[in-house]
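Just so it is clear: in the sequence shown, position 272 is 280 by my numbering, and no numbers are missing. Glycine included, each C-beta is placed from N, C-alpha and C at the ideal position. Here the structure is a predicted model, which means the values were calculated and not measured.
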Amino acid sequence: MGVNLRDVAKRAGVSVATASRVLNGHPQVSEETRRKVLAAAEQLGYKVEDARPRRHLTHRVISLIVPDVSSPFYCAILQGVEREAFSQQFDLVLYTTEGRSQVNVVERVASAKNISGVIVVTPRHGEDRYLREIGAQLPVVVVDHRAEGSGFPHVTVDNLRAGFQATSYLIAQGHRRIGFVSGPLNIESARDRLRGYRLALDEANIPFDEQLVLEGDFEQPTGYRLLKEWIAANPQPDAWFCSNDLMAAGAIQALVEHGISVPEDVAVMGFDDLSVAQMTQPRLTTMRQPIQEMGTIAIRLLLRLLDGEELETNRIVLNAELVVRESA
Numbered sequence: 009m010g011v012n013l014r015d016v017a018k019r020a021g022v023s024v025a026t027a028s029r030v031l032n033g034h035p036q037v038s039e040e041t042r043r044k045v046l047a048a049a050e051q052l053g054y055k056v057e058d059a060r061p062r063r064h065l066t067h068r069v070i071s072l073i074v075p076d077v078s079s080p081f082y083c084a085i086l087q088g089v090e091r092e093a094f095s096q097q098f099d100l101v102l103y104t105t106e107g108r109s110q111v112n113v114v115e116r117v118a119s120a121k122n123i124s125g126v127i128v129v130t131p132r133h134g135e136d137r138y139l140r141e142i143g144a145q146l147p148v149v150v151v152d153h154r155a156e157g158s159g160f161p162h163v164t165v166d167n168l169r170a171g172f173q174a175t176s177y178l179i180a181q182g183h184r185r186i187g188f189v190s191g192p193l194n195i196e197s198a199r200d201r202l203r204g205y206r207l208a209l210d211e212a213n214i215p216f217d218e219q220l221v222l223e224g225d226f227e228q229p230t231g232y233r234l235l236k237e238w239i240a241a242n243p244q245p246d247a248w249f250c251s252n253d254l255m256a257a258g259a260i261q262a263l264v265e266h267g268i269s270v271p272e273d274v275a276v277m278g279f280d281d282l283s284v285a286q287m288t289q290p291r292l293t294t295m296r297q298p299i300q301e302m303g304t305i306a307i308r309l310l311l312r313l314l315d316g317e318e319l320e321t322n323r324i325v326l327n328a329e330l331v332v333r334e335s336a
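Set out below in structure tokens:
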């Protein structure tokens, strides 16, 4: 693999954006920094013309990598990215990691000659290596994952705070025995919502019961299956907090089928405020996260990187909002 801009930045002890500004002749760079970057480029044999701003290349293409394009959550992020890309005259190439080797996806993206930058959504636990492989060759922005230690800009919701807020709301409604249907715990946002749930219980002096935590996969059939299995073997808690709206919709279906009234017998709460939250009977109380906005912010950050800008912060954290309806 040849020398890239990240190698030059590392050798010079500056950020990739600063190295790009120097090599593109940007005037607002100190003379000392300019000398360090140019010396590093010369030592590594890096061609200065390779560092020209990618936004001005013939190929104006951005890649979006998501786990599953059928998910309404990822579709909303896609909408936010695509609309901004279109308005800025960029094309979008979509890759999914569902059912594919992550290594193959990385190789495909990294070897594509026409891609200027990459947005990666919800990488799983332990996937930092493949992020670094892409980031060594292309500007990267990460969505729904803190990417701490990688140096990549990232856009997330404060899932710990949102999990705490949702559970605290249920406690304030008088519920003490609260079950939690989590997302896959190899996903950071799912782990953070679980942490928020546990913190709220602890603050209210409610003992944590591991048996009340069911791990799901953010899919509606799984919420349905997990609740049917629970109903067959256990008494109902006062409430269920589901880590997304799809699993909450499945949970409500299972409860109603067994003659358990929502919210009179058991309250149910979701997360996301997807369109399904308005379609359940009763309508779903949930935490609304600004999903489309996350995609829009991510591509705007990426376009700034492609222009060689120095970002004021690599960390954009948005808040979720409690939406009270009839289910809890």
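DSSP-derived helix/strand/coil call for residue i
i, result
"SER283", "helix"
"VAL332", "coil"
"ARG63", "Since pLDDT at ARG63 reaches only 49, below the 50 mark, its modelled position is unreliable, and no value is offered."
"THR7", "This structure cannot speak to residue 7, because the chain is shown only from 9 to 336."
"ARG291", "coil"
"ILE307", "helix"
"GLY53", "coil"
"ALA208", "helix"
"GLY8", "Any question about residue 8 goes unanswered here, given that the chain covers just 9 to 336."
"GLY316", "coil"
"ALA120", "coil"
"SER28", "helix"
"SER197", "helix"
"GLY21", "coil"
"PRO215", "coil"
"VAL37", "coil"
"VAL11", "coil"
Per DSSP, cross-strand counterpart(s) of residue i
i, result
"VAL69", "ASP99"
"VAL189", "LEU222, CYS250"
"VAL113", "Per DSSP, none; premise fails for VAL113."
"VAL74", "THR104"
"LEU326", "VAL165"
"ARG296", "ASP280, GLU329"
Backbone CA spacing between residue i and residue j [nearest angstrom]
i, j, result
"LEU202", "VAL276", "16 Å"
"ALA240", "THR230", "15 Å"
"GLU291", "PHE279", "Sequence inspection shows Arg at residue 291; the Glu mentioned does not correspond to that position. Going from the Cα of ARG291 to the Cα of PHE279 covers about 13 Å."
"GLU106", "PRO75", "5 Å"
"SER124", "VAL150", "15 Å"
"ASN327", "ALA155", "18 Å"
"PRO245", "VAL270", "12 Å"
"ILE307", "ILE268", "45 Å"
"VAL126", "LEU234", "36 Å"
"GLY227", "MET302", "Note that residue 227 is Glu in the sequence shown here, rather than Gly. Approximately 21 Å, taken between the alpha carbons."
"ARG19", "ILE73", "29 Å"
"ALA262", "TRP238", "10 Å"
"ARG68", "LEU313", "14 Å"
"PRO147", "LEU310", "7 Å"
"ALA144", "GLY21", "15 Å"
"TYR82", "ASN122", "24 Å"
"VAL165", "SER79", "18 Å"
"THR104", "VAL163", "19 Å"
"ALA48", "SER23", "13 Å"
"ARG63", "LEU168", "Note that ARG63 has pLDDT 49, beneath the 50 cutoff, so the model's placement of it is unreliable and no number is given."
"VAL11", "LEU102", "27 Å"
"VAL114", "GLU196", "20 Å"
"LEU207", "VAL30", "47 Å"
"SER119", "THR175", "45 Å"
"ALA257", "SER283", "11 Å"
"GLU334", "ILE70", "41 Å"
"ASN252", "GLY191", "8 Å"
"PHE98", "ASP315", "14 Å"
"VAL16", "GLU141", "16 Å"
"LEU220", "THR26", "50 Å"
"LEU254", "SER28", "43 Å"
"THR293", "LEU100", "34 Å"
"ILE260", "ALA180", "21 Å"
"ASN322", "ARG185", "39 Å"
"ASN242", "ARG137", "42 Å"
"ASP225", "CYS250", "11 Å"
"LYS236", "GLN96", "48 Å"
"LEU178", "ASN213", "14 Å"
Whole-angstrom C-beta distance between residue j and residue i, which should lie under 8 Å
i, j, result
"GLN300", "GLN87", "5 Å"
"ASP248", "VAL331", "The residue asked about is misnamed: residue 248 is Trp in this sequence, not Asp. About 17 Å separates the two Cβ atoms, so there is no contact after all."
"ASP200", "GLY171", "7 Å"
Practice problem: Please specify which runs of the beta strand (DSSP E), each continuous and at least 3 residues long, are wholly inside the region 122-184, giving them in chain order. | Solution: 125-129, 148-151, 162-165
Go through the region 239-288 residue by residue and report every complete run of the alpha helix (DSSP H) that reaches 4 residues or more, in order. 253-265
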